[in-house]
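Numbering (numbering that gives the first Met the number 0), first residue to last: 0 to 157.
Each residue gets a CB set at the ideal place from its N, CA and C atoms; glycine is no exception.
Treat the numbers as computed from the prediction; the structure is a model and nothing was measured.
To keep things clear, I will list the structure first and then write my remarks on it.
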Amino acid sequence: MRTLARYTGRQVSRRKVLDFDILLRVLYILRKSLSELRNSVQYHVSFFSTSPELSNKQRFEYFTRTIPSDHHQVKAMVEIVKLLGWSYVSIIYEESNYGIKAFEELEVLLAKHNICIAVKEKLVKDSGVAEEIAYDDIVTKLLTKPRARGLSSLISSD
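Put into structure tokens, the structure is as follows:
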């Protein structure tokens, strides 16, 4: 009772002491819970992540980026193909999250605009660097479709 009297500056009943004790415990639990919650919610700001998957706020609620998604790049590629009047193109994409996801989106958008894909080739990377023969094989496949008017590549600079 002395502790409560020290806080309030007057004598208090035993019931008020119990209420004060319960209040202190509740406040302690709330403070601890809020602290744990604050520590568990981590925002992630990315300066280089462009994958459209990261725009899914239900999966990546605390993710934000400073550059646009690859979705905008793919839309621009389709607009360029349309502007040039091409209806039959080839696509080379790298075996990475960037290449595969961008290719999937590009394939869908091209189909929506009645643009056919002549050759679609995935550039397999082994430890980040493709073998020279892989490039030769792709060129050979591209040459089998001489009517294809354009080539889109989804390859990172790494």
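Thr139 carries a helical assignment under DSSP once its states are collapsed to helix, strand and coil.
Fewer than three Cβ pairs drawn from the segment 77-96 and the segment 59-68 lie within less than 8 Å of each other, which leaves the two stretches out of contact.
Ranked by Cα distance from Arg148, the options Ala75, Val73, Ser89 are led by Ser89. Annotated three-state conformation of Ile132 is helix, per DSSP. Annotation for Val118: the continuous beta strand (DSSP E) segment containing it runs 115-122. Counting along the chain, Ile90 sits inside the beta strand (DSSP E) bounded by residues 87-93. DSSP lists Val88 as the bridge partner or partners of Gly149.
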